[in-house]
Amino acid sequence: MSRWPFLDHDGPIPIAHRGGALEGPENTMAAFAAAIDLGFRYVETDVHATRDGVLVAFHDEGLKRLSGRPEAIADLAWRDLETVRVGGGHAIPRFEDLLEAWPDLRIAVDPKHDQATVPLIDVLQRSDAIGRVCVGSFSGRRLATARQLGGPQLCTGLSPKEVGQLQAASAGLPMRIKAGACAQVPPTVKGVPLVHQRFVNAAHDQGLAVHVWTIDDAEEMQRLLDIGVDGIMTDRPTVLRDVLMERGTWN
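In C-alpha coordinates, the structure reads:
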(Lines of atoms letter the chains of each structure in order from A and count residues from 1; the text may use other names and numbers.)
(Lines give C-alpha, C1' and ligand atoms only; values in the text may rest on other atoms or scores of the structure.)
Protein backbone atom coordinates (compact mmCIF):
# COMPACT_ATOMS: atom_id res chain seq x y z
CA MET A 1 0.00 0.00 0.00
CA SER A 2 1.28 3.45 -0.96
CA ARG A 3 1.77 6.32 1.44
CA TRP A 4 -0.68 8.19 -0.81
CA PRO A 5 -4.16 6.66 -1.31
CA PHE A 6 -4.29 8.19 -4.79
CA LEU A 7 -1.60 5.75 -5.93
CA ASP A 8 -3.26 2.63 -4.47
CA HIS A 9 -4.35 0.73 -7.56
CA ASP A 10 -3.81 -2.85 -8.66
CA GLY A 11 -1.85 -2.50 -11.89
CA PRO A 12 -1.18 0.46 -14.19
CA ILE A 13 -3.50 3.39 -13.51
CA PRO A 14 -5.69 4.41 -16.48
CA ILE A 15 -6.48 8.14 -16.34
CA ALA A 16 -9.02 9.84 -18.59
CA HIS A 17 -7.36 13.13 -19.58
CA ARG A 18 -9.90 15.96 -19.26
CA GLY A 19 -12.43 13.16 -19.04
CA GLY A 20 -11.40 11.87 -22.48
CA ALA A 21 -11.03 14.98 -24.63
CA LEU A 22 -11.19 13.16 -27.98
CA GLU A 23 -14.27 11.17 -27.05
CA GLY A 24 -16.44 13.85 -25.47
CA PRO A 25 -16.69 17.53 -24.51
CA GLU A 26 -13.54 18.01 -22.45
CA ASN A 27 -13.69 18.84 -18.75
CA THR A 28 -17.48 18.58 -18.58
CA MET A 29 -19.59 16.45 -16.30
CA ALA A 30 -20.71 14.55 -19.41
CA ALA A 31 -17.12 13.64 -20.29
CA PHE A 32 -16.29 12.56 -16.76
CA ALA A 33 -19.50 10.51 -16.58
CA ALA A 34 -18.68 8.78 -19.88
CA ALA A 35 -15.22 7.81 -18.63
CA ILE A 36 -16.68 6.50 -15.39
CA ASP A 37 -19.27 4.51 -17.36
CA LEU A 38 -16.34 2.88 -19.21
CA GLY A 39 -14.95 1.80 -15.85
CA PHE A 40 -12.39 4.54 -15.19
CA ARG A 41 -11.75 5.38 -11.54
CA TYR A 42 -9.26 8.14 -12.40
CA VAL A 43 -9.64 11.33 -14.41
CA GLU A 44 -7.44 14.34 -15.03
CA THR A 45 -8.58 17.92 -15.03
CA ASP A 46 -7.30 21.48 -14.75
CA VAL A 47 -8.64 24.21 -12.51
CA HIS A 48 -8.96 27.98 -12.68
CA ALA A 49 -10.42 30.38 -10.13
CA THR A 50 -13.12 32.87 -11.06
CA ARG A 51 -12.90 36.52 -10.06
CA ASP A 52 -14.72 35.70 -6.83
CA GLY A 53 -12.60 32.62 -6.04
CA VAL A 54 -14.81 29.78 -7.27
CA LEU A 55 -12.74 26.87 -8.59
CA VAL A 56 -13.82 25.47 -11.97
CA ALA A 57 -12.68 22.51 -14.06
CA PHE A 58 -11.38 24.07 -17.26
CA HIS A 59 -8.10 23.96 -19.16
CA ASP A 60 -7.73 27.23 -21.03
CA GLU A 61 -7.21 30.63 -19.47
CA GLY A 62 -9.93 32.06 -21.69
CA LEU A 63 -13.26 30.92 -23.10
CA LYS A 64 -12.56 31.56 -26.78
CA ARG A 65 -11.66 28.05 -27.99
CA LEU A 66 -14.60 26.25 -26.42
CA SER A 67 -17.36 28.87 -26.24
CA GLY A 68 -16.35 31.62 -28.67
CA ARG A 69 -16.48 34.24 -25.91
CA PRO A 70 -13.55 36.65 -25.39
CA GLU A 71 -13.39 36.68 -21.58
CA ALA A 72 -10.87 35.03 -19.31
CA ILE A 73 -12.09 32.82 -16.47
CA ALA A 74 -10.37 35.06 -13.92
CA ASP A 75 -12.29 38.11 -15.17
CA LEU A 76 -15.74 36.63 -14.55
CA ALA A 77 -17.67 36.06 -11.35
CA TRP A 78 -19.17 32.60 -10.93
CA ARG A 79 -22.72 33.91 -11.45
CA ASP A 80 -21.68 34.96 -14.96
CA LEU A 81 -19.56 31.92 -15.76
CA GLU A 82 -22.22 29.41 -14.76
CA THR A 83 -24.39 30.58 -17.68
CA VAL A 84 -21.62 29.88 -20.25
CA ARG A 85 -21.98 26.74 -22.35
CA VAL A 86 -19.18 24.79 -24.05
CA GLY A 87 -18.91 21.72 -26.28
CA GLY A 88 -22.45 21.83 -27.62
CA GLY A 89 -24.35 23.05 -24.60
CA HIS A 90 -22.49 21.83 -21.53
CA ALA A 91 -21.95 23.89 -18.39
CA ILE A 92 -18.49 24.49 -16.97
CA PRO A 93 -18.44 22.50 -13.71
CA ARG A 94 -17.21 23.68 -10.39
CA PHE A 95 -14.40 21.44 -9.16
CA GLU A 96 -16.39 20.91 -5.98
CA ASP A 97 -19.27 19.49 -8.05
CA LEU A 98 -16.91 16.92 -9.55
CA LEU A 99 -15.78 15.81 -6.09
CA GLU A 100 -19.34 15.56 -4.82
CA ALA A 101 -20.83 13.79 -7.85
CA TRP A 102 -18.48 10.80 -7.62
CA PRO A 103 -17.18 10.37 -4.06
CA ASP A 104 -14.86 7.51 -5.02
CA LEU A 105 -13.36 9.20 -8.08
CA ARG A 106 -9.64 10.00 -8.00
CA ILE A 107 -8.45 13.10 -9.78
CA ALA A 108 -5.13 14.29 -11.16
CA VAL A 109 -5.51 18.05 -10.99
CA ASP A 110 -3.42 20.92 -12.34
CA PRO A 111 -3.97 24.44 -10.94
CA LYS A 112 -3.28 26.54 -14.00
CA HIS A 113 -2.60 29.82 -12.19
CA ASP A 114 -1.28 30.91 -8.82
CA GLN A 115 -4.77 32.23 -7.96
CA ALA A 116 -6.18 28.70 -8.23
CA THR A 117 -3.78 27.00 -5.81
CA VAL A 118 -5.11 28.21 -2.46
CA PRO A 119 -8.78 27.69 -3.47
CA LEU A 120 -7.87 24.17 -4.62
CA ILE A 121 -6.41 23.17 -1.27
CA ASP A 122 -9.32 24.86 0.50
CA VAL A 123 -11.88 22.84 -1.50
CA LEU A 124 -9.95 19.61 -0.91
CA GLN A 125 -9.77 20.20 2.83
CA ARG A 126 -13.44 21.20 3.13
CA SER A 127 -14.46 18.14 1.11
CA ASP A 128 -12.12 15.79 3.00
CA ALA A 129 -10.69 14.89 -0.41
CA ILE A 130 -6.93 15.37 0.03
CA GLY A 131 -6.37 11.64 -0.36
CA ARG A 132 -8.33 11.49 -3.63
CA VAL A 133 -6.11 13.75 -5.71
CA CYS A 134 -2.64 14.22 -7.08
CA VAL A 135 -1.67 17.83 -7.72
CA GLY A 136 0.63 18.44 -10.66
CA SER A 137 1.93 21.65 -12.20
CA PHE A 138 4.54 23.10 -14.53
CA SER A 139 5.11 25.69 -11.80
CA GLY A 140 7.46 24.80 -8.98
CA ARG A 141 6.04 27.72 -7.03
CA ARG A 142 2.48 26.41 -7.24
CA LEU A 143 3.60 22.92 -6.26
CA ALA A 144 5.49 24.32 -3.27
CA THR A 145 2.38 26.21 -2.16
CA ALA A 146 0.20 23.12 -2.57
CA ARG A 147 2.66 20.97 -0.60
CA GLN A 148 2.89 23.53 2.19
CA LEU A 149 -0.88 24.00 2.52
CA GLY A 150 -1.89 20.40 1.82
CA GLY A 151 0.64 18.82 4.13
CA PRO A 152 2.46 15.50 3.79
CA GLN A 153 -0.75 13.59 3.06
CA LEU A 154 -1.15 15.42 -0.29
CA CYS A 155 0.09 13.47 -3.31
CA THR A 156 1.94 15.71 -5.76
CA GLY A 157 3.75 15.34 -9.02
CA LEU A 158 7.28 16.55 -9.64
CA SER A 159 8.18 20.08 -10.65
CA PRO A 160 10.12 20.61 -13.90
CA LYS A 161 13.29 21.03 -11.82
CA GLU A 162 12.63 17.74 -10.03
CA VAL A 163 11.95 15.99 -13.34
CA GLY A 164 15.34 17.27 -14.50
CA GLN A 165 16.93 15.83 -11.37
CA LEU A 166 15.26 12.49 -12.10
CA GLN A 167 16.60 12.63 -15.65
CA ALA A 168 20.07 13.16 -14.20
CA ALA A 169 19.57 10.21 -11.85
CA SER A 170 18.57 8.06 -14.82
CA ALA A 171 21.91 8.96 -16.41
CA GLY A 172 23.74 7.72 -13.32
CA LEU A 173 24.26 10.98 -11.43
CA PRO A 174 23.76 10.88 -7.64
CA MET A 175 20.50 12.83 -7.49
CA ARG A 176 17.79 12.32 -4.84
CA ILE A 177 14.26 13.66 -5.20
CA LYS A 178 13.17 15.05 -1.85
CA ALA A 179 9.47 15.75 -2.51
CA GLY A 180 6.61 14.48 -4.63
CA ALA A 181 5.05 11.09 -5.21
CA CYS A 182 5.12 10.64 -8.96
CA ALA A 183 6.59 11.96 -12.17
CA GLN A 184 3.71 13.00 -14.43
CA VAL A 185 5.50 13.62 -17.69
CA PRO A 186 5.23 13.52 -21.50
CA PRO A 187 7.11 10.76 -23.35
CA THR A 188 9.42 13.28 -25.02
CA VAL A 189 10.62 16.83 -24.36
CA LYS A 190 11.47 18.96 -27.40
CA GLY A 191 11.81 15.80 -29.46
CA VAL A 192 14.18 14.09 -27.02
CA PRO A 193 12.90 10.85 -25.42
CA LEU A 194 12.23 11.29 -21.72
CA VAL A 195 10.37 8.16 -20.64
CA HIS A 196 12.67 5.23 -21.30
CA GLN A 197 13.64 2.18 -19.24
CA ARG A 198 16.40 3.98 -17.32
CA PHE A 199 14.04 6.83 -16.40
CA VAL A 200 11.38 4.42 -15.11
CA ASN A 201 13.98 2.44 -13.18
CA ALA A 202 15.43 5.60 -11.62
CA ALA A 203 11.97 6.71 -10.53
CA HIS A 204 11.14 3.34 -9.01
CA ASP A 205 14.51 3.25 -7.24
CA GLN A 206 13.45 6.46 -5.46
CA GLY A 207 9.93 5.25 -4.67
CA LEU A 208 8.32 7.39 -7.35
CA ALA A 209 5.57 6.37 -9.73
CA VAL A 210 5.66 7.36 -13.42
CA HIS A 211 2.49 8.61 -15.15
CA VAL A 212 2.78 9.57 -18.82
CA TRP A 213 0.62 12.02 -20.78
CA THR A 214 -1.08 12.37 -23.18
CA ILE A 215 -1.00 8.98 -24.94
CA ASP A 216 -3.66 8.15 -27.53
CA ASP A 217 -1.89 5.57 -29.70
CA ALA A 218 -2.26 1.91 -28.74
CA GLU A 219 1.28 0.96 -29.80
CA GLU A 220 2.78 3.73 -27.68
CA MET A 221 0.63 2.62 -24.75
CA GLN A 222 1.99 -0.90 -25.16
CA ARG A 223 5.59 0.35 -25.28
CA LEU A 224 5.18 2.39 -22.13
CA LEU A 225 3.49 -0.44 -20.27
CA ASP A 226 6.27 -2.80 -21.37
CA ILE A 227 8.89 -0.62 -19.68
CA GLY A 228 6.88 -0.47 -16.46
CA VAL A 229 5.16 2.91 -16.29
CA ASP A 230 2.62 3.13 -13.48
CA GLY A 231 -0.08 5.14 -15.23
CA ILE A 232 -1.17 6.55 -18.57
CA MET A 233 -3.28 9.63 -19.23
CA THR A 234 -5.24 9.54 -22.47
CA ASP A 235 -7.75 11.53 -24.50
CA ARG A 236 -9.02 8.18 -25.85
CA PRO A 237 -10.24 6.19 -22.84
CA THR A 238 -11.73 3.40 -24.95
CA VAL A 239 -8.34 2.76 -26.59
CA LEU A 240 -6.52 2.57 -23.26
CA ARG A 241 -9.20 0.35 -21.77
CA ASP A 242 -8.91 -2.05 -24.72
CA VAL A 243 -5.10 -2.17 -24.42
CA LEU A 244 -5.27 -2.92 -20.70
CA MET A 245 -7.98 -5.52 -21.21
CA GLU A 246 -5.82 -7.22 -23.84
CA ARG A 247 -2.93 -7.32 -21.36
CA GLY A 248 -5.16 -8.57 -18.54
CA THR A 249 -4.45 -5.52 -16.37
CA TRP A 250 -7.77 -3.65 -16.63
CA ASN A 251 -9.52 -3.34 -13.30
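So the sequence shown is numbered by this note's numbering: it starts at 21 and just counts up by one.
Cβ atoms here follow ideal geometry from the backbone N, Cα and C, with glycine treated the same way.
Nothing here was measured: the structure is a model prediction, and the numbers come from that model.
- L245 and E81 have their C-alpha atoms roughly 33 Å apart.
- Distance from the CA of I33 to the CA of H224, rounded to the nearest whole angstrom, comes to 15 Å.
- Apart from the 5 residues on each side of it in sequence, I150 sits with its Cβ closer than 7 Å to the Cβ of L144, G170, Q173 and L174 in its chain, given in chain order.
- Taking each of R23, V155, L27 and G31 in turn and checking the Cα distance to R261, the smallest one comes out for G31.
- Closest in C-alpha terms to G156, from the list S147, T137 and D142, comes T137.
- The region 87-98 and the region 117-124 do not touch, with fewer than 3 CB-CB distances between them shorter than 8 Å.
- Relative to K198, the option among Q226, P45, L58 and E240 whose CA is nearest is Q226.
- Comparing alpha-carbon positions, the option among C154, G107 and A41 lying closest to K84 turns out to be G107.
- With respect to the 8 Å criterion, H110 and A50 are classified as neighbours on the basis of their beta carbons.
- Selection G39, L75, V74 and Q217 evaluated against F60 yields G39 as nearest (Cα-Cα).
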